[in-house]
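Enquirer:
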Amino acid sequence: MYITQAFRYAHEPWRYALGGLLIFLASQLGAIPLLLVATFKLMNDGGSLEQLEDPNAILTILDSNLTLFLMLLSFAIGLGVLYLIVKYLHKQPFITLTTSRPKTDWGRVWFGFGLIAITTVVLTTIDYYQNPQDYILQFDLIPFLILAAIVVIMIPLQTSFEEYLFRGYLMQGIGVSSVRRYFPLITIYSAVAIIGYMILISEVTLHPAIHFVLVLALIGLIVLLITTKVLLPLTETKGYQDLSKKFSNRFLPLVITSVIFGGLHFFNPEVEKIGNIIMLYYIGTGFLLGIMTLMDEGMELALGFHAGNNMVAALLVTADWTVFQTNSVLKDISEPSAGFDVLLPVLIVYPIFLLIMAWRYKWTNWKEKLFGAINPPPEEITSTPGSN
904 MYITQAFRYA
914 HEPWRYALGG
924 LLIFLASQLG
934 AIPLLLVATF
944 KLMNDGGSLE
954 QLEDPNAILT
964 ILDSNLTLFL
974 MLLSFAIGLG
984 VLYLIVKYLH
994 KQPFITLTTS
1004 RPKTDWGRVW
1014 FGFGLIAITT
1024 VVLTTIDYYQ
1034 NPQDYILQFD
1044 LIPFLILAAI
1054 VVIMIPLQTS
1064 FEEYLFRGYL
1074 MQGIGVSSVR
1084 RYFPLITIYS
1094 AVAIIGYMIL
1104 ISEVTLHPAI
1114 HFVLVLALIG
1124 LIVLLITTKV
1134 LLPLTETKGY
1144 QDLSKKFSNR
1154 FLPLVITSVI
1164 FGGLHFFNPE
1174 VEKIGNIIML
1184 YYIGTGFLLG
1194 IMTLMDEGME
1204 LALGFHAGNN
1214 MVAALLVTAD
1224 WTVFQTNSVL
1234 KDISEPSAGF
1244 DVLLPVLIVY
1254 PIFLLIMAWR
1264 YKWTNWKEKL
1274 FGAINPPPEE
1284 ITSTPGSN
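Residues 904 to 1291, numbered by this note's numbering, are exactly what the sequence shown covers, in order.
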């Protein structure tokens, strides 16, 4: 129901493609203030502008509180643009991107927030007393109060943007687009193109202009093949139509959004420090938040959980190798491990969270909610795999 309610509004695939592009551009423009202030600081101090070429180095130029505020500003701008796109491009009430309920259930938001916040504080406290050599107490009242104000105001905007984008906009968009004729082809082509592109850039250093041209070429090729209807005979075969039916289910939007969500964390400093294995944690977190959304028929739990996780992390513990460099209470000086510590949350803690939520909100019919077919209303012209 959460995904299929998007069928009631303007949901053509081109709208989601355009909306996604506009959101990406808005978030990039939102990063300009950080770049400008960092540039001014370097020029004023006589520093080298070459530091601006390293995204991680940019985060060390300014005061940590100012850096955090400017970094989160891009997410706030992205959220505002996403709201406008949903309202005017899709003509869709924003509440229907939030939940399938008549109104937002704030009790669920606070439950998700409290669950992760309490868990994080308890586990961190236990670890602090068991391994005091791994931490430095760096509490400084004034910087911490400034940090707290930034965290309370800006981090909910950051996490809400990510939730509305991945568990909302893309989850619904991919879901309602999955009944279209060319969806399986586009999905398979995109997966192969992205994997090939990632392998290429890991082996060869390319000029940014070449990156841009290559991405345009990959997008242009599939657009050309579809618009010229070269692939039309293939889509009319029985084998392809059987494949289309398998693609039109709730699990595929869950997988795609979770992988994209995790993949966007690839350039975080944590990945460089710990290794690629931490991607399992990021992708696993995407699955956790996506399962919450599908099972609960709304994003309230995911909104609260994501905000609680990031807010407590920013206030409680920082480290030299994390994306959030803050004036937190504690600083972790231990050497991060790339072993079971990374897999523990995904394999043990996350399932426990889901069981607690399932008990609290009496979730049933897991198979249908996670793997069930996406069926548009009868009046939908896209109700069969043969439609465009």
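Every residue, glycine too, gets a C-beta built ideally from N, C-alpha and C.
Could you tell me the distance, in whole angstroms, from the CA atom of T1002 to the CA atom of F1150?
Expert: Using only the alpha carbons, I get a separation of about 24 angstroms.
Enquirer: Residues bridged to V1220 by DSSP?
Expert: L1233, per the DSSP bridge assignment.
Enquirer: Could you pull out every unbroken beta strand (DSSP E) segment of at least 3 residues lying fully inside the region 994 to 1078, listed in chain order?
Expert: If we require 3 residues or more, the beta strand (DSSP E) runs fully inside the region 994 to 1078 come out as 1038 to 1040.
Enquirer: Which residues mark the beginning and the end of the alpha helix (DSSP H) in which S1147 is found?
Expert: It spans K1141 to F1150 - the alpha helix (DSSP H) in which S1147 sits, taken as one unbroken run.
Enquirer: Just the Cα atoms here: how many angstroms apart are S980 and W1013?
Expert: The sequence as given places Ile at residue 980; Ser does not occur at that position. Cα to Cα, the separation comes out at about 24 angstroms.
Enquirer: Counting Cβ pairs, one atom from each stretch, are 3 or more of them under 8 angstroms apart for the region 1072 to 1092 and the region 1263 to 1282?
Expert: Touching, yes, given that three or more Cβ pairs across the two stretches are closer than 8 angstroms.
Enquirer: Among the residues of its own chain, which have a CB less than 6 angstroms from the CB of T1287, if the five just before and after it don't count?
Expert: Here T1287 scores only 41 on pLDDT, less than 50, and its place in the model is too uncertain to base an answer on.
Enquirer: DSSP on G1211, reduced to helix/strand/coil?
Expert: If DSSP states are grouped into helix, strand and coil, G1211 belongs with the helices.
Enquirer: Excluding the 5 residues flanking L1026 on each side, which residues of the same chain have their C-beta closer than 8 angstroms to its C-beta?
Expert: Nothing meets the Cβ criterion.
Enquirer: In the DSSP assignment, the alpha helix (DSSP H) including V1158 goes from what residue to what residue?
Expert: F1154 to G1166 is the extent of the alpha helix (DSSP H) around V1158.
Enquirer: Less than 8 angstroms between the C-beta atoms of L973 and L945, yes or no?
Expert: Not in contact: L973 and L945 (Cβ atoms no closer than 8 angstroms).
Enquirer: Return helix, strand or coil for G1201, following the three-state DSSP convention.
Expert: Strand, per DSSP.
Enquirer: Quick check: the region 988 to 1003 against the region 1171 to 1184, are there 3 or more CB pairs under 8 angstroms?
Expert: The region 988 to 1003 vs the region 1171 to 1184: no contact.
Enquirer: When you compare the CB positions of L1155 and K1272, do they come within less than 8 angstroms of one another, or not?
Expert: No; because the gap between Cβ atoms is not below 8 angstroms, this pair is not in contact.
Enquirer: Look at the Cβ atom of S1237, then the Cβ atom of L1219, and state whether they are nearer than 8 angstroms.
Expert: Contact: no.
Enquirer: So I1089 and I1125 are supposed to be a Cβ contact under 8 angstroms. How far apart are they, rounded?
Expert: About 6 angstroms separates the two Cβ atoms, so the contact holds.
Enquirer: Measure from the alpha carbon of T1007 to the alpha carbon of each residue in A941, V1215, S1240 and D1199, then state which is nearest.
Expert: Checked all of A941, V1215, S1240 and D1199; the closest Cα to T1007 is D1199.
Enquirer: Rounded to whole angstroms, how far is the Cβ of I1019 from the Cβ of G1211, which I believe are closer than 8 angstroms?
Expert: With a Cβ gap of about 4 angstroms, I1019 and G1211 count as contacting.
Enquirer: Using DSSP bridges, identify the partner residues of A1276.
Expert: Looking at the DSSP assignment, A1276 forms a beta bridge with N1152.
Enquirer: Look at the alpha carbon of N1291 and the alpha carbon of A913, and state the distance between them as a whole number of angstroms.
Expert: Annotation note: pLDDT 49 at N1291 (below 50); position unreliable, coordinate value reported separately. Cα to Cα, the separation comes out at about 15 angstroms.
Enquirer: Distance cutoff 8 angstroms, beta carbons only. Does A1216 sit that close to anything in chain D?
Expert: Included in the structure is just one protein chain, with no chain D present.
Enquirer: Comparing C-alpha positions only, which one of T1160, H993 and E956 sits nearest to E1066?
Expert: For E1066, the nearest C-alpha among the options comes from T1160.
Enquirer: In whole angstroms, give me the CA-to-CA distance for L1048 and P916.
Expert: Rounded to the nearest angstrom, the two C-alpha atoms are 45 angstroms apart.
Enquirer: I'd like the list of long-range same chain contacts for I1129, defined as Cβ closer than 6 angstroms, with 5 residues on each side in sequence excluded.
Expert: Once the five neighbours on either side are set aside, the close Cβ partners of I1129 are Y1085.
Enquirer: Classify L1073: buried if its beta carbon has 16 or more other beta carbons within 10 angstroms, exposed otherwise.
Expert: With 16 or more other Cβ atoms within 10 Å, it is buried.
Enquirer: DSSP three-state call for R1263: helix, strand or coil?
Expert: Correct three-state label for R1263: helix.
Enquirer: Should V984 go down as buried or exposed, given a rule of 16 or more other Cβ atoms within 10 Å for buried?
Expert: By the neighbour-count rule (16 or more Cβ atoms within 10 Å), V984 is buried.
Enquirer: Run the CB neighbour count on M1057, radius 10 Å, all protein chains shown included, and call it buried at 16 or more, exposed below.
Expert: Its Cβ being crowded by 16 or more others within 10 Å, M1057 is buried.
Enquirer: With the cut-off set at 8 angstroms, would you say I1098 and L971 are in Cβ contact?
Expert: The answer is no: Cβ separation not under 8 angstroms.
Enquirer: Going by the beta-carbon positions, is the gap between F1170 and Q1061 smaller than 8 angstroms?
Expert: The answer is no: Cβ separation not under 8 angstroms.
Enquirer: Compare the beta carbon distance of L955 and T942 with 8 angstroms and say whether it is the shorter of the two.
Expert: Yes, Cβ-Cβ distance for L955 and T942 is below 8 angstroms.
Enquirer: Can you list, in chain order, the residues of its chain with a C-beta nearer than 8 angstroms to that of L1134? Leave out the 5 residues immediately preceding and following it.
Expert: Same-chain partners within the cutoff: Y1085, L1088 and L1128.
Enquirer: Would you kindly work out how many angstroms separate the C-alpha atoms of A1205 and I1122, rounded to a whole number?
Expert: If I take the Cα positions, the gap works out to 32 angstroms.
Enquirer: Going by DSSP in three states, G1178 sits in which element: helix, strand or coil?
Expert: In this structure, G1178 counts as coil in the three-state DSSP scheme.
Enquirer: I need the DSSP call for A979, collapsed to helix, strand or coil.
Expert: Three-state DSSP puts A979 in a helix.
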